[in-house]
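Numbering (the working numbering), first residue to last: 11 to 504.
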């Protein structure tokens, strides 16, 4: 390794051939002469047959896997997993788990696997659940968590710990952590929650406390950057099929039937896009990243009329954040926000349903029958499917291994199919969005055979926007690498 830049926010290691490691903090960065202990997994019968269970200290995972022969090696993250040494005496570990923000399939699975991972892998038996989100640290009771308590919770939706938005008071939270003797904190939540976790880590470090702060990213919208996908996303896409199927049955069972389904996606249209691709029954998908218009040549109304004449029915999927610019033109603008700071959106599904009905009511020769379905809270509240259950298990175990190894101030996540430890600053720096000039959006347009609804001017602006390609399936985040390389005066990779 050539050089290292390290402070409480950034820990960047430079190597040969344009290698960059965006590393995560460690206890040894601010607490000197800490003792280490042999990892108890050495004598755990479950791992006795594993040839190389412990991760090598130099193992890293590249953010970008598609490279040219002359490309720099680019940005890497530290590989997750158990280390040879741990930084805690097992009897001294006192862990806690908190869930914040909205519901998402898989929350209970993550809780269960953190508790069971600490107990079965490391013999840790002191685990608390913080009731009701961040404010639970200082205003509510805690819940004692054991493998027996959490045994069946993965079969239920929601979170047994309760959740809330807001309530983040850094001083009170860290005081509570210190007063209770907690030394491992597992924080499950979205970008706002991870932003709060980063602040907690900073305060813990400022006080010189030996407390590991580990984040597990949770967002049903899949709008967290860097990682391949967030847990609960697969379940959400799968459950959305039921609503789309119902809309399709309703639409095709009556003359000029239209089914409108509103799915989650405040700023990112991943659920709508993937549910559309999976369904094959959707005629039009509308997402926040792609502008559309209603009236005139090439508009949505013209396309609906064309599709009804061709097929006699159609299904429209719309993400909750789509078309908000059109709503503010026709309705009084609302600047209200929820406790997490998210703008409260107006119901675009209901609005567009009324607009479609009003438009065709004025056309004497084409009567339509429209059914509107909003499955949002049904999707959020279900248990995770098999795929997400496995993913949640691996995320939870990765977080436990990282905390025991003395890492802190990190979020666990899947990067190019490998579990990694990612610095908080990379997770919270921006939101992951569908890139409408990327191949995945083109695949959707070719699947539905819908117009893009973009004017030439809109298309030029979209192409100029510096957004990395869509993460899911592509895994080719060139712009993320570019930004890091520009900062470090390295040649560009893409």
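For every residue, glycine included, the Cβ atom is placed at its ideal position computed from N, Cα and C.
#1: Find out if the Cβ-Cβ distance for the pair residue 49, residue 96 is shorter than 7 Å.
#2: Is DSSP giving residue 82 helix, strand or coil here?
#3: Using CA coordinates, which residue listed in 392, 84 and 286 is at the minimum distance from residue 25?
#4: Output the boundary residues of the beta strand (DSSP E) element that contains residue 211.
#5: Quickly, what does DSSP pair residue 241 with across the bridge? List them, please.
#6: Where does residue 343 sit, in a helix, a strand or coil, going by DSSP?
#7: What residue from 417, 385 and 47 has the CA that sits closest to residue 257's CA?
#8: Check whether the stretch 225 to 242 and the stretch 186 to 203 touch, using three or more Cβ-Cβ pairs below 8 Å as the test.
#9: Return the CA-CA distance between residue 33 and residue 271, expressed in angstroms with no decimal places.
#10: Can you tell me whether residue 405 is buried or exposed, with buried defined as 16 or more other CB within 10 angstroms of its CB?
#11: Go ahead and pull the three-state DSSP assignment for residue 447.
#12: Tell me which residue opens and which closes the alpha helix (DSSP H) that residue 360 is part of.
#13: Are the beta-carbon atoms of residue 378 and residue 255 separated by less than 7 Å?
#14: Taking the C-alpha atoms as reference points, what is the distance between residue 446 and residue 363?
#15: Taking contact to mean 3 or more Cβ pairs, one atom from each stretch, closer than 8 Å, check whether the stretch 433 to 446 and the stretch 44 to 59 are in contact.
#16: With DSSP collapsed to three states, give me the class of residue 37.
#17: Which residue comes first and which comes last in the alpha helix (DSSP H) that contains residue 414?
#18: By DSSP, does residue 265 sit in helix, in strand, or in coil?
#19: DSSP three-state call for residue 24: helix, strand or coil?
#20: Does DSSP put residue 197 in a helix, in a strand, or in coil?
#21: With a threshold of 7 Å on Cβ separation, who are the neighbours of residue 428 within its own chain once the five nearest residues in sequence on each side are excluded?
#22: Give me the Cβ distance between residue 167 and residue 452, rounded to the nearest whole Å; I'm assuming they're in contact under 8 Å.
#23: Does the contact criterion of 3 or more C-beta pairs under 8 Å hold for the stretch 102 to 119 versus the stretch 387 to 403?
#24: Between which two residues does the beta strand (DSSP E) carrying residue 32 extend?
#25: Can you give me the C-alpha to C-alpha distance between residue 138 and residue 421, rounded to a whole angstrom?
#26: Return the chain-ordered ranges of every alpha helix (DSSP H) run that is complete within the stretch 119 to 156 and spans a minimum of 4 residues.
#27: Looking only at its own chain, which residues have a Cβ that is under 6 Å from the Cβ of residue 361, when we skip the five neighbours before and after it?
#28: Looking at the structure shown, is residue 313 part of a helix, part of a strand, or coil, going by DSSP?
A quick look at the data gives this:
#1: In this structure, residue 96 lies closer than 7 Å to residue 49 by Cβ.
#2: Coil.
#3: Ranked by Cα distance from residue 25, the first of 392, 84 and 286 is 84.
#4: It is not in any beta strand (DSSP E) - residue 211 instead sits in the alpha helix (DSSP H) that spans 201 to 216.
#5: Paired residues: 228.
#6: The predicted model places residue 343 with a pLDDT of 47, which falls under 50 and marks its position as unreliable, so this point remains unresolved.
#7: Considering only alpha carbons, the answer is 385.
#8: A contact exists between the stretch 225 to 242 and the stretch 186 to 203.
#9: Taking the Cα positions, residue 33 is about 42 Å away from residue 271.
#10: With 16 or more Cβ atoms within 10 Å of its Cβ, residue 405 is classed as buried.
#11: Assignment of residue 447 by DSSP, reduced to helix, strand and coil, places it in the coil class.
#12: Here the alpha helix (DSSP H) through residue 360 covers 358 to 371.
#13: Contact flag unset, no.
#14: Within the model, the alpha-carbon separation for residue 446 versus residue 363 is close to 24 Å.
#15: In short, these stretches do not touch, since the Cβ pair count stays below three.
#16: It is helical.
#17: DSSP places residue 414 inside the alpha helix (DSSP H), whose first and last residues are 396 to 414.
#18: In the structure shown, residue 265 sits in coil (DSSP, three-state: anything other than H, G, I, E or B).
#19: Strand.
#20: DSSP, read as helix, strand or coil, puts residue 197 in strand.
#21: 71 and 89, listed in sequence order.
#22: Contact between residue 167 and residue 452 is absent: CB atoms are separated by about 35 Å, not below the 8 Å threshold.
#23: At 8 Å Cβ cutoff, the stretches touch.
#24: Taken as a continuous stretch (DSSP letters only), the beta strand (DSSP E) holding residue 32 covers 29 to 32.
#25: Straight-line spacing of the CA atoms in residue 138 and residue 421 works out to 20 Å.
#26: The stretch 119 to 156 contains these whole alpha helix (DSSP H) runs: 146 to 149.
#27: Excluding five sequence positions before and after residue 361, the CB atoms of its chain that fall closer than 6 Å to its own CB belong to 337, given in chain order.
#28: Residue 313 sits in a helix when the DSSP states are folded into three classes.
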